[in-house]
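A.B. asks: Numbering (the numbering used here), first residue to last: 10 to 226.
Glycine included, every Cβ here is placed at the ideal spot set by N, Cα and C.
No experiment lies behind these values; they were computed from the predicted model shown.
1) Do residue 165 and residue 144 count as a contact pair if the criterion is CB distance below 8 Å?
2) Please tell me whether residue 89 and residue 225 are closer than 8 Å, where the distance is taken between their beta carbons.
3) Let's see if you can read the secondary structure: which residues bound the alpha helix (DSSP H) around residue 119?
4) Are the Cβ atoms of residue 147 and residue 163 separated by less than 8 Å?
5) Mapping DSSP to helix, strand and coil, what is residue 23?
6) Please classify residue 106: does DSSP put it in a helix, a strand, or coil?
7) Smallest Cα separation from residue 214: which of 199, 59, 176?
8) Can you name the residues that DSSP bridges to residue 145?
9) Determine the DSSP secondary structure at residue 132, reduced to helix, strand or coil.
10) Might you give, ordered along the chain, the residues of its own chain that have their beta carbon closer than 6 Å to the beta carbon of residue 12, omitting 5 neighbours on each side?
11) Starting from residue 200, follow the beta strand (DSSP E) in both directions and report where the run begins and ends.
12) Whole angstroms are fine: how far does the CA of residue 208 sit from the CA of residue 85?
13) Indicate, with yes or no, if the ligand ZN has a heavy atom lying under 7 Å from the CB of residue 136.
14) With DSSP as the reference, label residue 15 as helix, strand or coil.
15) Let's test the definition: count the other Cβ atoms within 10 Å of the Cβ of residue 203 and tell me whether it reaches 16, buried, or not, exposed.
16) Is it true that the CB of residue 139 sits closer than 8 Å to the CB of residue 188?
17) From this set, 217, 216, 205, 46, which residue's C-alpha is nearest residue 77's C-alpha?
18) Measuring only the C-alpha atoms, how far is residue 155 from residue 171?
19) Our contact map puts residue 118 next to residue 92 with C-beta atoms below 8 Å; I'd like the distance itself, whole angstroms only.
20) Could you tell me the alpha carbon to alpha carbon distance between residue 194 and residue 57, rounded to whole angstroms?
21) Is the separation between the beta-carbon of residue 97 and that of residue 128 shorter than 8 Å?
22) Residue 2 to residue 167, Cα distance in whole Å?
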């Protein structure tokens, strides 16, 4: 007991104290993601990315569609104006300029397709409206030259001069096989690269009173 006290006294006297223990750092809590959480996150991001890309693709398609439609409209209008600019009668038998043309000749002149038969792809040779009836081809220049930039488009044209066809106060005779028609309805259909159809219609009149010239018309 005495010896113990002596050692304690000497330690205190000479400034020697027991070494203090340094505080131990507290255990840190480590955070992270599990493999399952990582897989779920990847799946969610993938779904969101697909939806975003689909939306961008649809928007791009919608931006292109108006251009295709505009081109189809322009082509249909061009062909319609071209057909309507031709003579109603074949120029070789036009009763409006030649009073000697008979009823049969005038009727045949409305339906004449001799120029188209001789030049099926050269529209510059078509000299009356009816030559365009049944016309169908890929888009080409009037002289029949192909246009590579418009290779995805095609056109078809029909000309209706059926009996009883009416436009305002003007009507076709009931029998346009024996009397020359007074009205034609021209329909132009353009197919675009999407397979969509653009249809334009136009009327062409003869400006000729068949009833005053020919019997029964």
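C.D. replies: Inspection of the coordinates gives the following:
1) yes
2) no
3) For residue 119, the uninterrupted alpha helix (DSSP H) segment begins and ends at 112-119.
4) yes
5) No answer about residue 23 holds up, because its pLDDT of 49 lies below 50 and its placement is not dependable.
6) If DSSP states are grouped into helix, strand and coil, residue 106 belongs with coil.
7) 176
8) 165
9) helix
10) At residue 12 the pLDDT is 47, less than 50, meaning the model places this residue with poor confidence and gives no usable figure here.
11) 192-200
12) 7 Å
13) The ligand ZN is not among the ligands present in this structure, which contains no ligands whatsoever.
14) Per-residue confidence for residue 15 stands at a pLDDT of 47, beneath the threshold of 50, marking its modelled position as unreliable; the derived number appears in the next sentence. Note: residue 15 maps to helix in three-state DSSP.
15) The C-beta of residue 203 has fewer than 16 other C-beta atoms within 10 Å across all chains shown, which makes the residue exposed.
16) No, they are not a contact pair.
17) 205
18) 33 Å
19) With 8 Å as the limit, residue 118 and residue 92 do not qualify as a contact, their Cβ atoms being about 17 Å apart.
20) 53 Å
21) no
22) Because the chain is modelled from 10 through 226, residue 2 falls outside the range shown and cannot be assessed.
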